[in-house]
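One structure below.
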Amino acid sequence: MFPGKDGCTTVVKHKTTGGEIVRPVQRLFPLDLNNDDPIIFSIRDPVPSDKDIKILNSENSDCEKKTRSGRKVIKPLLNNFKTLEPHFFSDASTKAYGTVAYIRVTSINKEILTSFVASKNRIAPLKTLTLPRLELIGALLPARLSSNILKALKLNIPCFFWTDSKITYFWVRGQLERFKPFIKNRIQEIQKLPSPSNWHHCPGIQNPADIVSRGVKISCLLNDTSWLQGPEWLSLPPEFWPESKNEDNPNSPDLNYRKSNDFAQHECIIEEGKSLFDISKYSNLEKVLRITA
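Structure follows, in structure tokens:
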């Protein structure tokens, strides 16, 4: 095992005739291998050739140039704007969860421009979790990322947070005492950073963070305006944004409510009745004990 390029991830290198396969150790745990078992990778994980690596690096460079060009258009407006709004989208799948951030600037001339700011994702935990729980973990990323972006821009303005999960939307805007510890602890951290009222719901097909959670080739991102500038409605006035409906109680078994302490009330009625045995008629205690035994 060797340290990965990021210095944090541990990877396994496996030499083959076609080259060297490098895979994160996390992908080996589900295989349930012993220490001496050989590592066999799936055919779906081919060894990239030098040509493929060059193409990948070129596409990555082009994508970085496009995101930087978008930021250059926005940057002059940061000193002369009417409104400035950071928007964060989050999503999750069984493989990964992540977030993507955009800046929405309205100039004095009422011109609306949007641009990609940052994105972050994580591999899904090895422990199997339900999709709503993964969505909730994914909602933690934009909450944490927002504080870092506001510090970098030296701004103190409210942010907008978007999720396509109705259960996560209900959790974040709900009362944390109603839920189990796993849900409660994460809701508590989310609500400490942004206000619950800053969370909104959008359709999954309009959520650009879906790309972060499911993955896509870099070549597909180069011409994807939803990734570089956000969804189309983000460049429109707020009345054209998706309407967030906060349901009082979504009908789902994944809500993970805390079990309530039910108290049973019993009523005892005491009636005054006649004595069954008159002890005053007897002067000998031994005789009374013999009779009542």
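Okay, so the sequence shown: first residue is 33 according to the working numbering, each after it adds one.
Virtual Cβ for every residue (Gly too), placed ideally from N, Cα, C.
Since we're looking at a predicted model, the values are computed, not measured.
| Query | Result |
| --- | --- |
| Helix, strand or coil: which one does DSSP assign to residue 195? | strand |
| Would you decide whether residue 191 is buried or exposed? Buried here means 16 or more other CB atoms lie within 10 Å of its CB. | buried |
| Is the region 156–165 touching the region 176–187 in the sense that three or more CB pairs, one from each, lie closer than 8 Å? | no |
| DSSP puts residue 239 in a beta bridge; with which residues? | DSSP lists no partner for residue 239. |
| State the start and end residues of the unbroken beta strand (DSSP E) segment that holds residue 126. | Residue 126 -> no beta strand (DSSP E), and no H or E assigned at all. |
| So, for residue 152: in the same chain, excluding its five sequence neighbours on each side, which residues have a beta-carbon less than 7 Å away from its beta-carbon? | 130, 131, 173, 177 |
| Please report how far the alpha carbon of residue 223 lies from the alpha carbon of residue 193, in whole angstroms. | 12 Å |
| With a CB to CB cut of under 6 Å and the five nearest residues on each side skipped, what residues in its chain are close to residue 261? | 146 |
| Helix or strand or just coil, what does DSSP make of residue 312? | helix |
| Where does residue 183 fall in DSSP's three states? | helix |
| How big is the Cα-Cα spacing for residue 321 and residue 315? | 12 Å |
| Quick one: give me the first and last residue of the alpha helix (DSSP H) that residue 248 is part of. | Premise fails: residue 248 is in no alpha helix (DSSP H) and is neither H nor E. |
| Where does residue 158 land, buried or exposed, given buried means 16+ other C-beta within 10 angstroms? | exposed |
| Looking only at DSSP bridge pairs, what is residue 117 linked to? | 136 |
| For residue 216, which residues in the same chain have their Cβ closer than 6 Å to its Cβ, ignoring the five residues on either side in sequence? | 208 |
| Hey, how far is the Cα of residue 227 from the Cα of residue 271? | 21 Å |
| Contact check, residue 113 vs residue 133 under 8 Å by CB: the rounded distance? | The Cβ separation is near 17 Å, so there is no contact. |
| Residue 152 bridges to which residues according to DSSP? | 131 |
| Just reading off the beta strand (DSSP E) that residue 231 is part of, what are its end residues? | 231–233 |
| Can the beta-carbon of residue 252 be found closer than 8 Å to that of residue 196? | no |
| Apart from the five residues just before and just after residue 220, which ones in its own chain have a Cβ nearer than 6 Å to its Cβ? | 208 |
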